[in-house]
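*Asks:* One structure is given below, represented as structure tokens, and several questions about it will come after.
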Amino acid sequence: MRYDYWFGPDEVDRRVKYASAFRPEFQANGDDVQRRITAVATAFYGETGLELPEGYVSGWRPPAVNEATASAGKLSTHLTANAGDKRDLPDGDFAWWCLRNQYVLEAHGLYMEHPVCTVLRSWKTAKKQNREPTPWCHLQ
Numbered sequence: 005m006r007y008d009y010w011f012g013p014d015e016v017d018r019r020v021k022y023a024s025a026f027r028p029e030f031q032a033n034g035d036d037v038q039r040r041i042t043a044v045a046t047a048f049y050g051e052t053g054l055e056l057p058e059g060y061v062s063g064w065r066p067p068a069v070n071e072a073t074a075s076a077g078k079l080s081t082h083l084t085a086n087a088g089d090k091r092d093l094p095d096g097d098f099a100w101w102c103l104r105n106q107y108v109l110e111a112h113g114l115y116m117e118h119p120v121c122t123v124l125r126s127w128k129t130a131k132k133q134n135r136e137p138t139p140w141c142h143l144q
């Protein structure tokens with residue numbers, strides 16, 4: 005599966021598939037938020053030595069995708085490509101590290117969703133679906 009910021013689980017570029025919903029500023033927003041998330045992930049790696057899985061669970065979401073996404077907010081920052089759900093390690097090491105080191109997020113102009121809402125939700129869903137969890141860290 006491709007875990008690119010701009011692609012959905014169907015591995016199709018959402019900027020193309022949902023071209024009528026994509027605005028030029030979303031490209032700049034998405035590029036910027038990915039750059040800032042990468043800086044935080046680099047700090048995480050520098051401190052822990054742990055490598056994160058490549059890519060994102062979710063990046064830009066057009067309205068149709070956001071409406072179909074469980075627990076997505078109606079005014080989600082994913083709609084304007086100002087958020088990314090960075091793939092995390094199975095135990096949510098990155099999300100928990102970010103929570104403990106919020107000064108690193110602040111230095112890069114990022115805020116996070118609490119790991120209880122991402123890591124634990126991932127495990128709960130995986131258990132119901134009898135599959136491996138795919139935790140993420142929501143940064144915006």
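For the sequence shown, position 87 matches number 91 in my numbering, and the numbering has no gaps at all. Cβ coordinates follow ideal geometry from the N, Cα and C atoms, glycine included.
Can you give, in chain order, each stretch of the alpha helix (DSSP H) that sits fully within the region 60 to 107 and has at least 4 residues?
*Replies:* 67 to 72 and 97 to 104
*Asks:* Within the same chain, show all residues whose beta-carbon is closer than 6 Å to that of A87, passing over the 5 residues directly before and after it, in chain order.
*Replies:* T81 and Q144
*Asks:* Between D31 and the rest of its own chain, which residues show a CB-CB distance below 7 Å, the 5 nearest in sequence each way excluded?
*Replies:* Reading the sequence as shown, one finds Gln at residue 31 and not Asp. Same-chain partners within the cutoff: there are none.
*Asks:* Start and end of the beta strand (DSSP E) containing W140?
*Replies:* W140 -> beta strand (DSSP E) spans W140 to L143.
*Asks:* Along the alpha helix (DSSP H) that carries E51, what are the first and last residues, could you check?
*Replies:* P28 to T52
*Asks:* Ignore the nearest five residues each way along the sequence and tell me which others in D17's own chain have a CB closer than 7 Å to its CB.
*Replies:* W10 and F11, listed in sequence order.
*Asks:* Where does C121 land, buried or exposed, given buried means 16+ other C-beta within 10 angstroms?
*Replies:* exposed
*Asks:* Can you check whether the CB of T52 is closer than 8 Å to the CB of D97?
*Replies:* In this structure, T52 lies closer than 8 Å to D97 by Cβ.
*Asks:* Taking the CB atoms as reference points, tell me whether D89 and S62 lie closer together than 8 Å.
*Replies:* A distance below 8 Å separates the beta carbons of D89 and S62.
*Asks:* Output the distance between the C-alpha atoms of R125 and P139, rounded to the nearest integer angstrom.
*Replies:* 8 Å
*Asks:* Using only the alpha-carbon positions, how far apart do W64 and A25 sit?
*Replies:* Using only the alpha carbons, I get a separation of about 11 Å.
*Asks:* Return the CA-CA distance between I41 and L114, expressed in angstroms with no decimal places.
*Replies:* 8 Å
*Asks:* For M116, which residues in the same chain have their Cβ closer than 8 Å to its Cβ, ignoring the five residues on either side in sequence?
*Replies:* A99, C102, L103, Q106, L109, C141, H142, L143 and Q144
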